[in-house]
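Trainee:
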Amino acid sequence: MPGDPWQKAFLDYSGTSFIELLRQAAPEFLPGRLEIPRAQTDALSAPHGTTVLALRYRDGVIMAGDRQASEGYQVASRRIEKIFKTDDLSGVGIAGAAGPAMEMARLFQTELEHYEKVEGENLSLDGKANRLGQMIRMNLPMAMQGLVVVPIFAGFDERAGVGRLFKYDVTGGRYEETDYFAQGSGGKDARDSLKKRFKRDLTRDEAVRVAIEALIDAADEDLGTGGPDLVRNILPSVKTITRSGFSDAPEDEVRRHCETILNDRSRL
Numbered sequence: 013m014p015g016d017p018w019q020k021a022f023l024d025y026s027g028t029s030f031i032e033l034l035r036q037a038a039p040e041f042l043p044g045r046l047e048i049p050r051a052q053t054d055a056l057s058a059p060h061g062t063t064v065l066a067l068r069y070r071d072g073v074i075m076a077g078d079r080q081a082s083e084g085y086q087v088a089s090r091r092i093e094k095i096f097k098t099d100d101l102s103g104v105g106i107a108g109a110a111g112p113a114m115e116m117a118r119l120f121q122t123e124l125e126h127y128e129k130v131e132g133e134n135l136s137l138d139g140k141a142n143r144l145g146q147m148i149r150m151n152l153p154m155a156m157q158g159l160v161v162v163p164i165f166a167g168f169d170e171r172a173g174v175g176r177l178f179k180y181d182v183t184g185g186r187y188e189e190t191d192y193f194a195q196g197s198g199g200k201d202a203r204d205s206l207k208k209r210f211k212r213d214l215t216r217d218e219a220v221r222v223a224i225e226a227l228i229d230a231a232d233e234d235l236g237t238g239g240p241d242l243v244r245n246i247l248p249s250v251k252t253i254t255r256s257g258f259s260d261a262p263e264d265e266v267r268r269h270c271e272t273i274l275n276d277r278s279r280l
C-alpha cells in the first residue's frame with residue numbers, strides 16, 4: 013500500500029528525479045494535491061506575486077521583479093521576494109498565487125540538487141527548463157481552482173556560452189524567448205517598456221537600468237505592481253546570471269538607478 017512504512021523503507025533513492033521519489037514516498041507534498049471544495053472556490057483569495065521579467069545582455073541574463081504581493085485590491089506584502097536561485101547557473105521568477113509559487117520554486121531547487129548528487133553533474137539548461145514545465149503541469153488541478161502559477165525561468169547555458177530564458181503557459185508548455193520577457197499582472201506594460209529600450213549586447217549596467225525602468229513603467233500602469241519606495245527602502249529585486257554564477261545586484265546600485273530614473277522623469 014502507498015502509505016505502508018515498510019514499503020517506504022525499501023524505496024529506490026538512486027533515481028535522478030526527486031519528484032518521482034516524492035510521488036512514491038509522500039505524494040501529498042506534490043504540487044496540485046490541494047483539494048478545495050467547489051463551494052469555496054469563488055470566495056478563494058490568496059496573495060499574488062506580480063510582475064517579474066528577464067532579459068539577455070552581453071554576459072548572461074538579468075532577472076528582476078517588483079516586491080509587492082496583492083490580494084484583490086489590497087496590498088498583501090510590500091517586501092516579497094519573487095526571484096529565486098535554483099542552482100549556481102539558473103533562477104526562477106514567480107508570478108501568480110504566491111504560496112504555491114514559492115513552494116514550487118523550493119521544490120524545483122531540491123529537484124536540481126537531487127539530480128546533481130545522483131549524477132555528479134548539473135542537468136543541462138534545457139533539461140532544467142523541461143523539469144520545471146513538468147512541475148507546472150502537475151499544478152494544473154490547483155490552477156483550475158484559481159491558484160495559477162506561471163513562472164519565468166532563466167539561466168546561463170555553459171554548452172552554448174550564452175544566457176537563455178523561458179516562459180510557460182498554465183499547462184506547463186515551454187517556450188524560449190530570444191531577448192526578453194515579462195510575466196504577471198504588469199507583464200504587458202513591462203514588455204512594452206522592454207521592447208522600446210532593449211538592444212543587442214547591452215552592458216551589465218545598461219541591462220540593470222532597462223530592467224528597473226520596465227518595472228517602474230509597469231508600476232505606473234498596473235495596480236498590482238509596486239514601484240520603488242525610496243523612503244521605506246523598498247527596491248526592486250535584481251539578479252544577474254553569468255558564467256560566474258547567480259548573484260544579487262547590490263542594493264546601492266539598484267537605488268542609484270531608481271533615483272536616476274525617477275529624477276529624469278520629474279524633469280519632463
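Numbering (the numbering used here), first residue to last: 13 to 280. Note that beta-carbon positions come from the ideal geometry of N, C-alpha and C, so glycine has one too. All values reported here derive from a predicted model rather than from experimental measurement.
Where Arg268 and Thr190 are concerned, what is the direct C-alpha to C-alpha distance, given to the nearest angstrom?
Mentor: So the alpha carbons of these two residues sit roughly 28 Å apart.
Trainee: For a minimum of 4 consecutive residues, which ranges assigned as the alpha helix (DSSP H) are wholly contained in the stretch 53-141?
Mentor: Whole alpha helix (DSSP H) segments, 4+ residues: 110-131.
Trainee: Flag Tyr127 as yes when its Cβ comes closer than 6 Å to any non-hydrogen atom of the ligand ZN, and as no otherwise.
Mentor: No copy of the ligand ZN appears in this structure; indeed no ligand is present at all.
Trainee: Along the alpha helix (DSSP H) that carries Thr274, what are the first and last residues, could you check?
Mentor: The sequence shown places Leu at residue 274, not Thr. Looking at the DSSP string, the run of the alpha helix (DSSP H) that includes Leu274 is Glu263 to Ser278.
Trainee: Taking only runs that begin and end inside the stretch 189-246, name each unbroken beta strand (DSSP E) of 3 or more residues, in chain order.
Mentor: DSSP runs (the beta strand (DSSP E)) wholly in the stretch 189-246: 192-195.
Trainee: Sort Ile74, Leu206, Ala202 and Arg279 by Cα distance to Thr215 and report the nearest one.
Mentor: When only C-alpha atoms are compared, the closest one is Ile74.
Trainee: Is the separation between the beta-carbon of Ala76 and that of Val250 shorter than 7 Å?
Mentor: Yes, the Cβ-Cβ distance between Ala76 and Val250 is below 7 Å.
Trainee: What's the gap between the Cα of Arg279 and the Cα of Ile224?
Mentor: When rounded, the distance between both Cα atoms is 19 Å.
Trainee: What separation, rounded to the nearest whole angstrom, lies between the Cα atoms of Met156 and Phe96?
Mentor: Those two C-alpha atoms are separated by around 25 Å.
Trainee: Here's the rule: buried if 16 or more other CB atoms are within 10 angstroms of the residue's CB, otherwise exposed. What is Gly185?
Mentor: Exposed, by the Cβ-count rule.
Trainee: Where does Gly173 sit, in a helix, a strand or coil, going by DSSP?
Mentor: Three-state result, Gly173: coil.
Trainee: Sorted by chain position, which residues of the same chain lie with C-beta nearer than 8 Å to Asp234's C-beta, five sequence neighbours on each side aside?
Mentor: Around Asp234: Thr62, Thr63, Ser197, Gly198 and Asp201.
Trainee: Taking 8 Å as the limit between beta carbons, can you name the residues of its chain near Arg221, skipping five residues before and five after?
Mentor: For Arg221, where only same-chain residues beyond five positions count, the Cβ hits under 8 Å are His269, Thr272 and Ile273.
Trainee: Quick test of your reading: Phe210 and Tyr192, contact by CB under 8 Å. State the CB separation rounded to the nearest angstrom.
Mentor: The Cβ separation is near 5 Å, so the contact holds.
Trainee: Short check: CB of Asp78 to CB of Thr237, under 7 Å?
Mentor: Yes, the pair counts as a contact, with Cβ atoms nearer than the cut-off.
Trainee: Does Asp229 pass the burial test, meaning 16 or more other C-beta atoms within 10 Å, or should it be called exposed?
Mentor: Buried.
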